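Read the structure below first, then the notes.
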Amino acid sequence: MSTSTSQQPGDAVAGEKLRAGAPRVDSGASAPATQTSNFGPTSNFGPTSLSLDVRGDFPILTREFEGKPLVYLDSGATSQKPRSVIEAMDAYYEQRNANVHRGVYPLAQEADAAYDGARAKVARFVGWEPKTTIFTKNVTEAINLVAYAWGRANVGPGDAVVTTQMEHHANIVPWQQLCKAKGAQLRYLEVDERGEICLAQLDRELAAGDVKLVAFTQVSNVLGTILPVAEMVARIRAAGALSLIDGAQAVPHMPVDASAIGADFYAWTGHKALGPTGIGVLHGRAEILKEMEPFLTGGDMIASVSFEGATWNELPYKFEAGTPPIAEAVGLGAAVDYLQELGMERVRDHERELTAYMMDRLAEVPGLRVVGPPEAERRGGLASFTIEGMHAHDIAELASREGVCVRAGHHCAQPLMRCLGVSATARASVGVYNERQDIDALVESLLAGRRVFEL
Ligand SMILES: Cc1ncc(COP(=O)(O)O)c(C=O)c1O
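The sequence shown: position 72 = 72 (our numbering), numbered continuously.
Structure, rendered in structure tokens:
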């Protein structure tokens, strides 16, 4: 995709059922870690060889629509929730509900322990410190927090922020707003025909000497591309700039050690990671967070307030104004417990094998084109595609008649759609609970859709 490397802000460019709360993987440990795409077109129904086989933990998967079982292939938008998460939130409200950080009575102390205990679990899940793990409303708010609280104080005229053409709007618009307000430049790393970015271009951007921060996704929500994040962070740090990673499509699907990656900020969102809506996470480097002014102000984030002014609470509370999402934190804590118990290596193996299978089966549909890297190894658990002669919304609508849930549209990545030369794609995305038969149902629904269109 050939677009200019330096855009101004605003330029749109180019085996066994498991008990709730006790997930267990099957004994496929001897299966190869990487299954490449050589499944036959009429492959057996049922679990992958690396199956997690956890469908029974997800109550919603028993639903039917007009007699057709629910085939949920929209985990990229939001994941379904295991019973253990739902029960943890219920138990919190039934047994422990009180406001946090302000009560001396035992019930309030239990609520405190539940909230900050969840923070410790969530931080540990990605190898970070609880004290520098901030709960937000979602990843969008986490990125905005950095763009406002760090950006407004550290980015000025003549400076640049760099992001990529494949970002979700959540990792574009806050930087556009920042650059507009501060007279800075926003530049984009290009996406090539294979759906990859070029590290040499990153080096060139950094060599310009004006870059303050580079913000990029770990896994593209449209292309599926997995970016070489640790390598990118090393180059960015060597150039004296800061890095922010949007881990929304990574943390739920693969092992992530945010400390080992080494970014200055790492953000993700709870509802895509088997947790509830209303909670996101920002991990930040302590020395930077300490220097930053607060983002939102009010209760809980202060040390003291007088009529003249205020001083700030310690980390992480300085960035958590007002009553936080307590039950949601408890739910997210239960979600990471669940994922940890499954083992993130096995989650990734399962989803990679399923993605390879999906890529092979989608290739059977005439006129279908998948965007992004062809190899399952290079992508997260999703495939965005077009079918010649059908609009993406028709694809999704016809699939839904078979009970198959896929997403259609621009996936909050309108600039990338322009690079791809399409207005919309359909996207199928998998989670821990998907099996091969879901992919088979998807392919059948696409073939049926083509027949409706007499293609
Ligand atoms: C890569 C990526 N970043 C950011 C977001 C925004 O997530 P949220 O709406 O939870 O803030 C999404 C959601 O689709 C996403 O896929």
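Glycine residues also receive a C-beta, built at the ideal position from the N, C-alpha and C atoms. Just so you know, these numbers come straight off a predicted model, no measurement behind them.
Ligand 1 heavy atom lying under 6 Å from the CB of residue i
i	result
glutamine 176	no
aspartate 246	yes
alanine 170	yes
valine 139	yes
glutamine 218	no
asparagine 488	In this structure the chain extends from 1 to 455, so residue 488 is not present and cannot be described.
threonine 425	no
threonine 269	yes
glutamine 165	no
glutamine 80	no
glutamine 473	Outside the shown range of the chain (1 to 455) lies residue 473, about which nothing can therefore be said.
glutamine 95	no
glutamine 201	no
glutamine 185	no
glutamine 249	yes
Cross-strand partners of residue i (DSSP beta bridge)
i	result
aspartate 74	Ser429
serine 84	None, per the DSSP bridge assignment.
phenylalanine 216	Ile245
tyrosine 516	As shown, the chain starts at 1 and ends at 455. That puts residue 516 outside it, with no answer to give.
glycine 280	Thr136 and Thr269
phenylalanine 461	There is no way to answer for residue 461, as the model of the chain reaches only from 1 to 455.
arginine 379	Thr225
valine 104	Valine 104 is not bridged to any residue.
valine 404	Val71
valine 211	Ala160
isoleucine 197	Val191
proline 390	Looking at the sequence itself, residue 390 is methionine, so the reference to proline does not match. For methionine 390, which the question treats as bridged, DSSP gives the partners Ile387.
Residue interval of the beta strand (DSSP E) (run including residue i)
i	result
arginine 369	368-371
threonine 269	265-269
threonine 132	Careful: threonine 132 lies outside any beta strand (DSSP E) and carries neither H nor E.
phenylalanine 385	382-387
glutamate 304	Sequence inspection shows serine at residue 304; the glutamate mentioned does not correspond to that position. Per DSSP, serine 304 belongs to the beta strand (DSSP E) from 302-305.
alanine 310	310-312
First through last residue of the alpha helix (DSSP H) which encompasses residue i
i	result
alanine 441	436-452
alanine 286	286-291
arginine 407	Here arginine 407 belongs to no alpha helix (DSSP H); instead the beta strand (DSSP E) covers 407-409.
valine 330	326-342
tryptophan 175	173-182
serine 423	Neither: serine 423 is in no alpha helix (DSSP H) and is coded neither H nor E.
proline 154	This sequence places asparagine at residue 154; proline is not what is there. Taken as a continuous stretch (DSSP letters only), the alpha helix (DSSP H) holding asparagine 154 covers 151-154.
alanine 234	229-238
isoleucine 261	258-261
is_contact[residue i, chain B] using C-beta, thresh 7 Å
i	result
isoleucine 226	Looking at the structure shown, chain B is missing, and only one protein chain is on hand.
Heavy atom of ligand 2 within 6 Å of residue i beta-carbon
i	result
arginine 204	Ligand 2 is not among the ligands present in this structure, which contains only ligand 1.
Inset, instruction - Check whether the region 396-403 touches the region 53-69, taking contact to mean three or more Cβ pairs, one atom from each stretch, closer than 8 Å. - result: yes
Inset, instruction - Decide yes or no for the touch test of the region 80-92 against the region 420-428: beta carbon pairs closer than 8 Å, at least 3 of them. - result: Because the criterion of three Cβ pairs below 8 Å is not met, the region 80-92 and the region 420-428 do not touch.
Legend entry - Touch test, the region 103-118 against the region 314-330, Cβ-Cβ under 8 Å, three pairs minimum: The answer is yes - the region 314-330 touches the region 103-118, with three or more Cβ pairs under 8 Å.
Inset, instruction - Would you be able to state if there are at least three C-beta pairs under 8 Å between the region 309-317 and the region 237-254? - result: For the pair of segments examined, the region 237-254 was found not to touch the region 309-317: the number of CB pairs separated by less than 8 Å stays below three.
Legend entry - Segment contact, 8 Å Cβ cut-off, at least three pairs: the region 314-323 with the region 337-350: no
Legend entry - Sufficient close CB pairs (3 or more, under 8 Å) joining the region 126-141 to the region 282-302: yes
Inset, instruction - Spell out a yes or no on whether the region 203-219 and the region 232-248 are touching, meaning 3 or more CB-CB pairs, one atom from each, closer than 8 Å. - result: yes
Inset, instruction - Would you check if there are 3 or more beta carbon pairs closer than 8 Å linking the region 429-437 to the region 177-189? - result: Contact between the region 429-437 and the region 177-189 is absent, because fewer than three Cβ pairs lie under 8 Å.
Legend entry - At least three beta-carbon pairs within less than 8 Å, the region 295-304 to the region 139-154: yes
Inset, instruction - Inspect the CB distances between the region 144-155 and the region 166-184 and report whether three or more fall short of 8 Å. - result: With a cut-off of 8 Å, the region 166-184 and the region 144-155 count as touching, because enough Cβ pairs lie within range.
Inset, instruction - Evaluate the contact criterion for the region 439-450 versus the region 343-362: three or more CB pairs, one atom per stretch, below 8 Å. - result: yes
Inset, instruction - Tell me, please, whether the region 390-401 touches the region 198-205 by the rule of three or more beta-carbon pairs shorter than 8 Å. - result: no
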